[in-house]
Amino acid sequence: MEDGEHPELDFDPLDPTKLWPKDQFPFLPVGKMVLNKNPENYFDEVEQAAFGTGVLVDGLDFSDDKLLQGRTYSYSDTQRYRVGSNYLHLPINESKKRVATHQHGGQMSYGAEYAKGKNPHVNYEPSITGGFEEAEQIGQEHQPHYNDRLVREKISRPNDFKQAGDTYREFEEWEKDELISNLVDALRVCRKEIQDTMIDHFTKADEEYGRRVAEGLKQAMQETEHTGSADADEAVDEAKKLGGESDGY
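What follows is the structure, given as structure tokens:
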């Protein structure tokens, strides 16, 4: 999707609760991941794996998605805490090509980078006394253009129910049955005003969707009342029986 407001859409494309329709914005291949073997050491190769949105190659950059931008920082922070400050030096996380950094010391230190002719005491850049220099970037860096005020307000194009309805209508019948069953089981213990609110949401997404949940809840509540009445009658009979036995002693 190109940068811009995209007024032709009935939702905000940066709304994290919305999906971009694949017929309008088809997926583009950006790489290939090959799974050719199982882990040999689960801890080394799975528990210490650190996937992060901040680890990018030239040609890729961040979109204006606020959740993505926030995760870029939080993922790296959590991995430093979980795995260690040198987590990118672990074999499971390191790049195919050796990358020299200014990282010195820290948990699981693998040794500082000392290049020939460079000052080993300089771990920053730039420096007139030697040290590493940043590699030349390949390609043009993403430079978003903003011409507006940054404010906190509700999204102007929410359209909260269309995609939910589209998704429901694309389900197979057995998928719809399972969805309705799960929703009824979850909502049957809720207060009536909560049930009514959720039914209203489902109906706005799709009339059949809301109707089936409402019918399922009505049937579930009737079964609960019937079972509860039978259990109560059984408890009364048991109490009378126990009382009669106690009178006999």
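The sequence shown begins at 1 in the UniProt record's numbering and counts up by one.
Note that CB positions come from ideal geometry on N, CA and C, so glycine has one too.
Values in this document were obtained by computation on a predicted structure and should not be read as measured data.
If you run the structure through DSSP and keep just helix, strand and coil, what is residue i?
{"i": "I155", "result": "coil"}
{"i": "W20", "result": "coil"}
{"i": "R149", "result": "coil"}
{"i": "D177", "result": "helix"}
{"i": "T43", "result": "Note that residue 43 is Phe in the sequence shown here, rather than Thr. Note: F43 maps to helix in three-state DSSP."}
{"i": "R125", "result": "Correcting the residue identity first, residue 125 is Glu in this sequence and not Arg. Here E125 sits in coil by DSSP."}
{"i": "R82", "result": "helix"}
{"i": "A100", "result": "coil"}
{"i": "V213", "result": "helix"}
{"i": "G31", "result": "coil"}
{"i": "G54", "result": "coil"}
{"i": "A135", "result": "coil"}
{"i": "residue 253", "result": "With the chain represented from 1 up to 249, any question about residue 253 goes unanswered, as that position is not in the structure."}
{"i": "R169", "result": "helix"}
{"i": "K37", "result": "coil"}
{"i": "G248", "result": "Caution applies to G248, whose pLDDT of 41 falls short of 50 and renders its modelled position unreliable; the value that the coordinates give is listed next. Of the three classes helix, strand and coil, the one that applies to G248 here is coil, per DSSP."}
{"i": "N182", "result": "helix"}
{"i": "L60", "result": "coil"}
{"i": "D200", "result": "helix"}
{"i": "G117", "result": "coil"}
{"i": "G70", "result": "helix"}
Restricting to Cα atoms, I'd like to know which of the options is closest to residue i.
{"i": "P16", "options": "E173, L217, N159", "result": "N159"}
{"i": "R152", "options": "R80, P91, K66", "result": "K66"}
{"i": "V30", "options": "L56, K18, R157, P39", "result": "L56"}
{"i": "R80", "options": "Q107, R191, L187, G210", "result": "Q107"}
{"i": "K162", "options": "R211, L88, P91, K18", "result": "K18"}
{"i": "L90", "options": "V46, E175, T227, R149", "result": "V46"}
{"i": "Q143", "options": "M1, Y42, D64", "result": "D64"}
{"i": "E193", "options": "A214, P7, E175, E178", "result": "A214"}
Apart from the five residues on each side of it in sequence, which residues of its chain come closer than 8 Å, Cβ to Cβ, to residue i?
{"i": "I138", "result": "D58, G59"}
{"i": "E125", "result": "H102, G131, F132, E133, E134"}
{"i": "R169", "result": "D206"}
{"i": "K221", "result": "The amino acid at residue 221 is misidentified as Lys; the sequence shows Met. The residues are R188."}
Which same chain residues, not among the five before or five after residue i, have their C-beta less than 7 Å away from its C-beta?
{"i": "I155", "result": "D12, D15"}
{"i": "T72", "result": "T53, G54, F62"}
{"i": "residue 250", "result": "Given a span of 1 to 249 for the chain in the structure shown, any question on residue 250 remains unanswerable."}
{"i": "I92", "result": "D44, E45, Q48, A49"}
Identify, in the order they occur along the chain, each residue of the same chain with its Cβ nearer than 6 Å to the Cβ of residue i, setting aside the five sequence neighbours on each side.
{"i": "N123", "result": "H102, H104"}
{"i": "D196", "result": "none"}
{"i": "R212", "result": "I180"}
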